[in-house]
Structures are given as C-alpha cells and as structure tokens.
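Undergrad: What follows is a single structure, and I will ask about it in a moment.
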Amino acid sequence: MDPFGLVILGEHHSGVDFASAEGTPIYATAPGVVVESGQSSGGLGRNIKINHLNGIFTVYGHCSQILVEKNQIVKRGDLIGLVGSTGKATGPHVHYEVHIGQDPPLDPAEFINIE
C-alpha cells in the first residue's frame, strides 16, 4: 500500500494505493450516486467518482473495467469496477481518494479502516 501524502516522483500522493491482482473486484465504500465514470484526462486512467450525498466524494482510479455508469445509484458493497493499471500506474492497484466537496483530498484512513 502506498500511503496518503507520500511524495512520488516529486508529486504529493492524493490518496492511497491498494495493490491487487489485475481484475480484482472493487466495491463502493458507501452508498451514493456515480458522478464520473470513464477515462481521466490526468493520471488516474479509467476511474469512478461517487457522490455520497453528505458532501463526501470518493474516487477509485486505474480500473481495468468500469462496471457502473454516470448517474447510477450504488449501495455500500456494490461491485463498481475491476483493478487495473490504466493511466499513470506502476502496476495493478486501485487508487482511492476521499474529498469533501471540491476541497483537496483528505487522508482516506480518517474514513475507512486501513490495515
């Protein structure tokens, strides 16, 4: 796991990376509405952004496949994508970010149990 805030290639790491085999399922961490689903113009490759309707947004990056569409309602634990290495990735993993509104990302460890 690459932690939040780690400086990688001179850039602040805006989330956490969970290494896993290509094609491993990615599940929504909370209920919400998919607001972005597709290819990123930045380094996240294929990614998903969910609005959890409480001001919190989560982002899941580097997906090999995206299994949800924009405006789709998801529940906690719903399968939303598969782990990949699309975009600026060094190997298969899911990049996970947490934001409140449009603010800069927060450490996901404040919201989920990371071990």
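In the UniProt record's numbering, the protein residues as written are 1 to 115.
Glycine included, every Cβ here is placed at the ideal spot set by N, Cα and C.
1. Please report how far the alpha carbon of Gly-55 lies from the alpha carbon of Leu-79, in whole angstroms.
2. Taking the beta strand (DSSP E) that Gly-38 belongs to, which residues open and close that run?
3. How many Å lie between His-95 and Asp-107 at the Cα?
4. So, under 8 Å CB-CB, Thr-98 and Ala-28 are touching, yes? Tell me the CB distance rounded to an integer number of Å.
5. Just verifying my parser: in three-state terms, what is the DSSP assignment at Asp-107?
TA: On the basis of the supplied data:
1. Sequence index remark: in the sequence shown, residue 55 carries index 55 (1-based). Sequence index remark: in the sequence shown, residue 79 carries index 79 (1-based). Each residue's Cα considered, the two are about 22 Å apart.
2. Within the sequence shown, residue 38 is the residue found at index 38, counting from 1. Note, Gly-38: beta strand (DSSP E), 32-39.
3. Here residue 95 is taken as the residue at index 95 of the sequence shown, counted from 1. Here residue 107 is taken as the residue at index 107 of the sequence shown, counted from 1. In this model, His-95 and Asp-107 are separated by some 12 Å (Cα to Cα).
4. Indexing the sequence shown from 1 puts residue 98 at position 98. Indexing the sequence shown from 1 puts residue 28 at position 28. The question names Thr, yet the displayed sequence has Val at residue 98. Not quite, the Cβ-Cβ distance comes to about 13 Å (not below 8 Å), so this is no contact.
5. Working through the sequence shown from its first residue, we reach residue 107 at position 107. Residue state, collapsed to three classes: coil.
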